[in-house]
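A.B. asks:
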Amino acid sequence: MAKDTPIDRRGFFRIAGRYGLTSTVIAAASFAGPLTLSGLARAASQTADARNASTPLYTLKFGAAGFNEENLKIQESGQLWFAQELEKRSNGALRIEFIGSNAICNQLDCVKKTQQGIIDLFSASTQNSAGAAPYYNVLDFAYMFPSRAAQHYFLYHPKSEKLFREPMRKRHNIQFLYSHCELRGLMLGKKFADAPLITSVEQLAGTKNRVTGTQLGRIAMQLMNLNPVPISWEE
Numbered sequence: 024m025a026k027d028t029p030i031d032r033r034g035f036f037r038i039a040g041r042y043g044l045t046s047t048v049i050a051a052a053s054f055a056g057p058l059t060l061s062g063l064a065r066a067a068s069q070t071a072d073a074r075n076a077s078t079p080l081y082t083l084k085f086g087a088a089g090f091n092e093e094n095l096k097i098q099e100s101g102q103l104w105f106a107q108e109l110e111k112r113s114n115g116a117l118r119i120e121f122i123g124s125n126a127i128c129n130q131l132d133c134v135k136k137t138q139q140g141i142i143d144l145f146s147a148s149t150q151n152s153a154g155a156a157p158y159y160n161v162l163d164f165a166y167m168f169p170s171r172a173a174q175h176y177f178l179y180h181p182k183s184e185k186l187f188r189e190p191m192r193k194r195h196n197i198q199f200l201y202s203h204c205e206l207r208g209l210m211l212g213k214k215f216a217d218a219p220l221i222t223s224v225e226q227l228a229g230t231k232n233r234v235t236g237t238q239l240g241r242i243a244m245q246l247m248n249l250n251p252v253p254i255s256w257e258e
């Protein structure tokens with residue numbers, strides 16, 4: 024473990040087996056510079072010591088779909104931050120076991136497994152969750168808000184209790200806790216690495232774009248001439 028070698032999957036799980044998966048994921052996500060076995064081991068050890076400083080009253084399973092320490096550095100959607108904040112703000116009374124990489128649930132069934140009590144918390148897009156909790160699509164989160172600021176204003180405004188939180192509890196037994204308020208976006212492939220800066224959707228007209236199985240997303244992309252190609256999250 025002392026060798027300063029680049030981290031690989033086997034090495035990652037060796038460290039996770041010693042210090043715990045959640046502590047290792049948190050350590051990897053917050054690591055600056057090249058990720059090595061020895062560096063990750065030290066960071067995971069420190070993270071585990073901090074998290075184990077007190078005995079939790081409750082341990083909650085957090086099904087984070089396909090999110091993990093690597094892709095959360097690209098899509099900074101805050102799942103790991105939120106898990107850490109729950110532990111910190113409860114003074115260790117809550118212990119959050121973060122389970123990503125589709126290990127316990129995926130974008131389409133995380134909400135269902137939460138409703139069934141298999142996991143306690145979940146993270147997934149509203150449209151992918153709407154299969155088991157249709158009220159998610161009533162407010163059409165991905166398209167009705169003009170900006171992230173507008174979405175944030177609504178979600179934390181008192182009126183959201185009546186329009187969103189209460190219906191979700193009554194109809195689907197789901198309690199909203201947190202959102203990073205990200206709207207739909209496009210991620211460009213490697214062939215755009217050396218291309219001129221894209222400043223408008225018109226520049227992408229005619230390109231093929233992989234999308235998840237959401238009807239509203241496909242309709243929007245067809246209207247923008249972006250040729251949506253549906254693909255499941257598992258792929």
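Sequential numbering of the sequence shown, starting at 24, is according to the working numbering.
Beta carbons: idealized from backbone N, C-alpha and C, even for Gly.
Write down the C-beta distance between A173 and A88 rounded to the nearest angstrom, noting that I regard them as a contact closer than 8 Å.
C.D. replies: For the purposes of this step, residue 173 is identified with residue 150 of the sequence shown, where counting begins at 1. For the purposes of this step, residue 88 is identified with residue 65 of the sequence shown, where counting begins at 1. Actually they are not in contact, since the Cβ atoms of A173 and A88 sit about 25 Å apart, beyond 8 Å.
A.B. asks: For L58, I'd like the list of residues in its chain whose CB is within less than 6 Å of its CB, leaving aside the five on either flank, ordered along the chain.
C.D. replies: Walking along the sequence shown from the start, residue 58 turns up at place 35. Only I30 meet the Cβ criterion.
A.B. asks: So, is D132 buried or exposed, given that buried needs 16 or more other C-beta atoms within 10 angstroms?
C.D. replies: The residue you call residue 132 lines up with position 109 of the sequence shown. Burial call: buried.
A.B. asks: Take every Cβ of the region 75-85, pair it with every Cβ of the region 111-120, and state whether three or more of those distances are shorter than 8 Å.
C.D. replies: Short answer: they touch.
A.B. asks: If we ignore side chains and look at the alpha-carbon of each, how far apart do A76 and P219 end up?
C.D. replies: In the sequence shown, residue 76 corresponds to position 53, counting from 1. In the sequence shown, residue 219 corresponds to position 196, counting from 1. C-alpha separation (whole angstroms): 51 Å.
A.B. asks: For Y42, which residues in the same chain have their Cβ closer than 7 Å to its Cβ, ignoring the five residues on either side in sequence?
C.D. replies: Indexing the sequence shown from 1 puts residue 42 at position 19. If we look at Y42 and ignore the five residues flanking it on each side, its Cβ neighbours are A67, S68 and A71.
A.B. asks: Between T15 and the rest of its own chain, which residues show a CB-CB distance below 6 Å, the 5 nearest in sequence each way excluded?
C.D. replies: The first residue shown for the chain is 24 and the last is 258, placing residue 15 beyond what the model contains.
A.B. asks: Quick one: grab the DSSP three-state call for T230.
C.D. replies: Translated into positions along the sequence shown, residue 230 becomes position 207. In this structure, T230 counts as coil in the three-state DSSP scheme.
A.B. asks: What are the start and end residues of each continuous beta strand (DSSP E) run of 3 or more residues lying completely inside the region 87-168, in chain order?
C.D. replies: Correct list: 117-122.
A.B. asks: Classify P14 as helix, strand or coil using the three-state DSSP reduction.
C.D. replies: The structure shown has nothing for residue 14, since the chain only spans 24 to 258.
A.B. asks: Hey, which unbroken runs of the beta strand (DSSP E) at 3 residues or more fall wholly within the region 196-220?
C.D. replies: Entirely contained in the region 196-220, not one beta strand (DSSP E) run reaches 3 residues.
A.B. asks: Please report the distance separating the alpha-carbon of C206 from that of R241.
C.D. replies: Counting from one through the sequence shown, the residue named residue 206 turns up at place 183. Counting from one through the sequence shown, the residue named residue 241 turns up at place 218. The amino acid occupying residue 206 in the given sequence is Leu; Cys does not appear at that position. Distance between the alpha carbons of L206 and R241 is about 15 Å.
A.B. asks: According to DSSP, what are the bridge partners of P29?
C.D. replies: For the purposes of this step, residue 29 is identified with residue 6 of the sequence shown, where counting begins at 1. Answer is T59, bridged to P29.
A.B. asks: F85 by DSSP, collapsed to three states: which one?
C.D. replies: As a first step, residue 85 is located in the sequence shown; it is residue number 62 there, counting from the start. If DSSP states are grouped into helix, strand and coil, F85 belongs with the strands.
A.B. asks: In angstroms with no decimal places, state the Cα-to-Cα distance between Q130 and Q139.
C.D. replies: For this step, residue 130 is matched to residue 107 along the sequence shown. For this step, residue 139 is matched to residue 116 along the sequence shown. Answer to the nearest angstrom: the Cα atoms are 16 Å apart.
A.B. asks: Assess, as a yes-or-no matter, whether the region 175-192 is touched by the region 118-127 under the definition of 3 or more beta carbon pairs within less than 8 Å.
C.D. replies: No, the region 118-127 is not in contact with the region 175-192.
A.B. asks: Specify, as a first and last residue, the run of the alpha helix (DSSP H) that S46 falls within.
C.D. replies: Numbered from its first residue, the sequence shown carries residue 46 at position 23. First-last of the alpha helix (DSSP H) with S46: L44 to A52.
A.B. asks: Considering only their Cβ atoms, is the gap separating C128 from G154 smaller than 8 Å?
C.D. replies: Residue numbering aside, residue 154 sits at position 131 when the sequence shown is read from its first letter. Residue numbering aside, residue 128 sits at position 105 when the sequence shown is read from its first letter. Against a cut-off of 8 Å, the Cβ pair of C128 and G154 comes out as no contact.
A.B. asks: Compare the C-alpha of Y166 against each of R233, V134 and Q150 and name the closest.
C.D. replies: Residue numbering aside, residue 166 sits at position 143 when the sequence shown is read from its first letter. Nearest option by C-alpha distance: Q150.
A.B. asks: Quick one: using the 10 Å Cβ neighbour count with 16 as the cut-off for buried, is L200 buried or exposed?
C.D. replies: Counted from its first residue, the sequence shown places residue 200 at position 177. Classification for L200: exposed.
A.B. asks: Work out the CA separation of S53 and L60 for me, nearest whole Å.
C.D. replies: As a position in the sequence shown, residue 60 is number 37, starting the count at 1. As a position in the sequence shown, residue 53 is number 30, starting the count at 1. Taking the straight line joining both Cα atoms gives about 15 Å.
A.B. asks: Around the Cβ of M210, are there at least 16 other Cβ atoms within 10 angstroms (buried) or fewer (exposed)?
C.D. replies: As a working mapping, residue 210 is identified with position 187 in the sequence shown. Exposed.
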